[in-house]
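Comments concern the structure below.
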Amino acid sequence: MQKHIISALVANKPGVLARVSGLFSARGFNIESLAVGETENPELSRMTIVVGGDETILEQVRKQLDKLIDTVKVQDFSNISHVERDLALVRVHSPVSRRSEVLELVQIFRARIVDVGHSEVMVELAGTEEKIEAFLDLVRPYGIREMARTGRIALGRSVNR
Amino acid sequence: MGKIGAEILIDALREQGVEHIFGLPGGAVITLYDKLYDSPLKTILARHEQGAGHMADGYARATGKVGVCVATSGPGATNLVTAIATAYMDSVPMLAITGQVKTNLIGNDAFQEADVTGITRPATKHNYLVRDVKELGRIVREAFYIASTGRPGPVLIDLPADVAAAETDEVDTALQLPGYKPTSGQGHARQIRKAAEAINNARRPVLYVGGGVIISGCHEGVRELARKGSIPITTTLMGLGSFPETDDLSLGMLGMHGTVYANYAVTHSDVLVAIGARFDDRITGKVDEFAPEAKIVHVDVDPTSIGKNVSVDIPVVGDAKKTLEELNQLIETRERGEWLQRIRQWKEEFPLTYDRNADVIKPQAVLEAIDRATEGKAIIATDVGQCQMWAAQYYRYSRPRTFLSSGGLGTMGFGLPAGIGAQFGCPDQTVFVVAGDGSLQMNIQEMATAVVNELPIKIALLNNGYLGMVRQWQELFFDRRYSHTYLAEGNPDFVKLAEAFGARGIRVEHPDRVQPAVEEAMRITDGPVLLDFHTDPEENVFPMVPVGQAIDRMISGMA
């Protein structure tokens, strides 16, 4: 089952998110992640939706999405050259005795420490999902206390390779 | 001097050419109703909001114009939901205006508050909650544009009471719809060429046309295509009227209760040309065995309809009318004698039929009597169930917009209010409502609306004392266990009921009386008449394709 990154430019007004998410839920699709934010044009938001599913059903969802009155443009980035990022905030258990090991991982991944407590640090990490998963994998033995992720955002590249 | 929201709304409706509004007042729309009181718009008082919604729907189906209905907030609006969903499933252009509690009360569980834009989101093409009176003029214009273009559908405007009463000098009218690009032109030229090539090379082509043909007004184009290529044509329930059923090329309806010959023709076709139809499960039966030998051409205005249920070989996204104008130029004249001969044989071998010598009234005979009395030219508004299927099978439609029926949602109680709406839209035409005793009682209150407005609609009640279609399924598939489908013991005396409303009622209990009663009803022109036909209680609709079976596996009668 291929994952699809669907990017939709939509009107920035109340109710639009419900329309979009309703389309997916009405067809029994589980949205893996959904990120919404304003674009360069304050009247529009960009929704980046990551969803897995059967190809024909996804094609149907993409067309349905396009049909919404509030949707200006829909792209499926699966076959388009693009840049994608995910941002994670992770509180990692790191007592003073093991902190340097965690800090080393943070450095290797070019992440940042954004908060420090007595026995834990909060790490901010941006990158592809793969990178974030790799980092999480490595810090999991230390203990992940809490985590928040934005879900993927994506933009097509200027030159499509 | 500014105008208040209610006045801006009425002005915008008039500007859009609206003449009739169907509705029921209430607290949240009282300002609007106050302004309607002396407006030139004809406001029709329904007795239930669902009735108002179906009236607007029937009006739209019969005229092609946008039907308008109004309800108050909360229960008024929720009563409208079934009518909105009905219109949505059948792509009917409709504007529903609902009152809402004042903006400062929204979300407070106020009296008669419901989240109506939330509730109707999946059942409308689009909806609006108006927060500022300055937007109202624009929103009404957008609503009409959205409802009536592309694949049409209902649009709802939720209007808070304070916005309806708020005054403004500024009326913003320019549409702001950057994301709405309805298909309006012909399909892609290359696709049309491919379709023409497939049709020209076909030996056993079949046209399968749906409601989209009626919506786009391309019945003439379809007729030209069929005749030029000698292509037999079957219509869906929604497509009835797009091709004269008296024509040799007509196969009638296909699908679950379609004719044997239509289903056989589709199953044996080598090219199936779908126009404005959506391969609904009641049409295809078992999808894997639907038109197994055919290359499928699908012309539709809505890209989401194409490839949804069956995979299509030649998709053509475009307006059916414009596409056919182009396509027909590329179609070569053909005889197709062998194919037509085979179909003729199927027609002779498996005609639509019933027991014509019975000593009880057969419901099919009622439809044939109406067909004779009206020469196939009446508007038939149906309820849902057996009565609907018999109306589809035994009345021979020849004109578009004359068969009004809830096809997609299958809403019982649709017929009477839809017939009322149609009669308002087409005052010079004969309107027959074909109802069942179960369905009719679901919106019987609208008899009052018909009486008060002196509408000469004729209600043919096929009174079999059962929820007949469910009873039929119980008979065939549930060992005749008639669980909760028997209505006769609680049914009212429908003649007395009609009379209680101030309408005429005629009871018909003998087959010989069917035709004279229909003729008598035709002579009544000053108000509604209800014909209470006591029909064979256990008559079934045949042929029938059991759910999930291939469409050429039909049950044609009781063993």
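Those protein sequence lines, which keep their order, are chains A and B.
Taking this note's numbering, the leading residue of the first sequence gets 82, the next gets one more, and so forth.
Taking this note's numbering, the leading residue of the second sequence gets 30, the next gets one more, and so forth.
Note that CB positions come from ideal geometry on N, CA and C, so glycine has one too.
Rounded C-alpha distance that separates residue i from residue j
i                : j                : result
Arg533 (chain B) : Gly465 (chain B) : 18 Å
Leu433 (chain B) : Asp400 (chain B) : 15 Å
Leu188 (chain B) : Gly105 (chain B) : 13 Å
Thr440 (chain B) : Ser271 (chain B) : 23 Å
Ala231 (chain B) : Ala447 (chain B) : 40 Å
Asp119 (chain B) : Pro222 (chain A) : 57 Å
Ile584 (chain B) : Leu496 (chain B) : 20 Å
Ala227 (chain B) : Phe319 (chain B) : 19 Å
Glu210 (chain A) : Glu136 (chain A) : 22 Å
Ser435 (chain B) : Asn357 (chain B) : 31 Å
Val20 (chain B)  : Glu214 (chain A) : This structure does not reach residue 20 (chain B), given that chain B is present from 30 up to 588, and the question cannot be answered.
Ala100 (chain B) : Arg238 (chain A) : 50 Å
Asp63 (chain B)  : Gln129 (chain B) : 16 Å
Asp151 (chain A) : Leu204 (chain B) : 13 Å
Val159 (chain B) : Phe140 (chain B) : 19 Å
Ala407 (chain B) : Arg552 (chain B) : 14 Å
Pro540 (chain B) : Lys71 (chain B)  : 41 Å
Asp40 (chain B)  : Lys144 (chain A) : 36 Å
Leu269 (chain B) : Val121 (chain B) : 15 Å
Val537 (chain B) : Thr403 (chain B) : 19 Å
Asn93 (chain A)  : Asp331 (chain B) : 25 Å
Arg233 (chain B) : Ala294 (chain B) : 8 Å
Arg582 (chain B) : Phe562 (chain B) : 32 Å
Leu65 (chain B)  : Asp342 (chain B) : 52 Å
Ala114 (chain B) : Val58 (chain B)  : 22 Å
Ser200 (chain A) : Leu168 (chain A) : 23 Å
Pro321 (chain B) : Asp299 (chain B) : 8 Å
Thr112 (chain B) : Glu227 (chain A) : The sequence shown places Ala at residue 112 (chain B), not Thr. Near 48 Å, if we compare the C-alpha coordinates of Glu227 (chain A) and Ala112 (chain B).
Ala89 (chain B)  : Leu445 (chain B) : 15 Å
Residue range of the unbroken beta strand (DSSP E) whose run includes residue i
i                : result
Asp400 (chain B) : Unbroken run through Asp400 (chain B) is the alpha helix (DSSP H), 392–403; no beta strand (DSSP E).
Pro183 (chain B) : 183–189
Val131 (chain A) : 125–133
Arg226 (chain A) : 225–230
Pro344 (chain B) : 343–346
Asn156 (chain B) : 155–158
Leu115 (chain A) : 112–119
Start-to-end residues for the alpha helix (DSSP H) that takes in residue i
i                : result
Ala176 (chain B) : 162–177
Asn492 (chain B) : No alpha helix (DSSP H) contains Asn492 (chain B), which is instead part of the beta strand (DSSP E) from 487–492.
Gly128 (chain B) : Here Gly128 (chain B) belongs to no alpha helix (DSSP H); instead the beta strand (DSSP E) covers 123–129.
Glu210 (chain A) : 210–220
Asn292 (chain B) : 289–297
Asp63 (chain B)  : 59–66
Glu44 (chain B)  : 34–44
Val524 (chain B) : 523–530
Val97 (chain A)  : 97–107
Assumed close pair residue i, residue j - CB separation to whole angstroms, cut-off 8 Å
i                : j                : result
Leu236 (chain A) : Val164 (chain A) : 6 Å
Gly450 (chain B) : Asp86 (chain B)  : 7 Å
Gln45 (chain B)  : Phe173 (chain B) : 5 Å
Pro392 (chain B) : Glu568 (chain B) : 6 Å
Ile225 (chain A) : Val171 (chain A) : 6 Å
Val328 (chain B) : Gly179 (chain B) : Contact doesn't hold; Cβ gap of about 14 Å is too wide.
Ile262 (chain B) : Ser279 (chain B) : 6 Å
Leu560 (chain B) : Ile488 (chain B) : 7 Å
Leu185 (chain B) : Thr153 (chain B) : 5 Å
His286 (chain B) : Pro572 (chain B) : 7 Å
Legend entry - Residues within the stretch 146–158 of chain A neighbouring chain B, beta-carbon criterion of under 9 Å: Asp147, Lys148, Leu149, Ile150, Asp151, Thr152, Val153, Lys154
Inset, instruction - Compile a chain-ordered list of the residues in the stretch 140–170 of chain B whose CB is closer than 8 Å to at least one CB of chain A. - result: Taking 8 Å as the Cβ-Cβ cut-off, the stretch 140–170 of chain B approaches chain A at Thr146, Gly147, Arg150, Pro151, Lys154, His155, Leu158, given in chain order.
Inset, instruction - Note down, one range per segment and in chain order, each beta strand (DSSP E) of at least 3 residues found wholly within the stretch 74–118 of chain B. - result: If we require 3 residues or more, the beta strand (DSSP E) runs fully inside the stretch 74–118 of chain B come out as 96–100.
Inset, instruction - Would you list, in sequence order, the uninterrupted alpha helix (DSSP H) runs of no fewer than 4 residues that lie entirely inside the stretch 414–471 of chain B? - result: 415–423, 444–454, 466–469
Inset, instruction - Could you tell me which uninterrupted alpha helix (DSSP H) segments, each at least 4 residues in length, are contained entirely in the stretch 228–266 of chain B, listed from first to last along the chain? - result: 240–245, 248–258
Legend entry - alpha helix (DSSP H) runs wholly inside the stretch 126–188 of chain A, at least 4 long, in chain order: 136–148
Inset, instruction - Give, in chain order, every residue of the stretch 206–231 of chain B whose Cβ lies closer than 7 Å to some Cβ of chain A. - result: Leu206, Pro207, Gly208, Tyr209
Legend entry - Residues in the stretch 93–117 of chain A having any Cβ partner in chain C nearer than 9 Å: Absent from the structure: chain C. Protein chains present are A and B.
Inset, instruction - Name, going along the chain, the residues of the stretch 126–148 of chain A whose beta-carbon falls closer than 9 Å to a beta-carbon of chain B. - result: Thr137, Glu140, Gln141, Lys144, Gln145, Asp147, Lys148
Inset, instruction - Identify each residue in the stretch 317–339 of chain B for which the Cβ-Cβ distance to at least one residue of chain A is less than 8 Å, and report them in chain order. - result: Taking 8 Å as the Cβ-Cβ cut-off against chain A, the residues of the stretch 317–339 of chain B that qualify are Asp331, Pro332, Thr333, Gly336, Lys337.
Legend entry - Within 7 Å of chain A by C-beta, residues of the stretch 177–196 of chain B in sequence order: none
Legend entry - Those runs of the beta strand (DSSP E) which lie wholly inside the stretch 548–585 of chain B and span at least 3 residues: 558–563
Legend entry - Residues from the stretch 231–246 of chain B in contact with chain A, defined by Cβ distance under 9 Å: Close to chain A, meaning a Cβ-Cβ distance shorter than 9 Å, is no residue of the stretch 231–246 of chain B at all.
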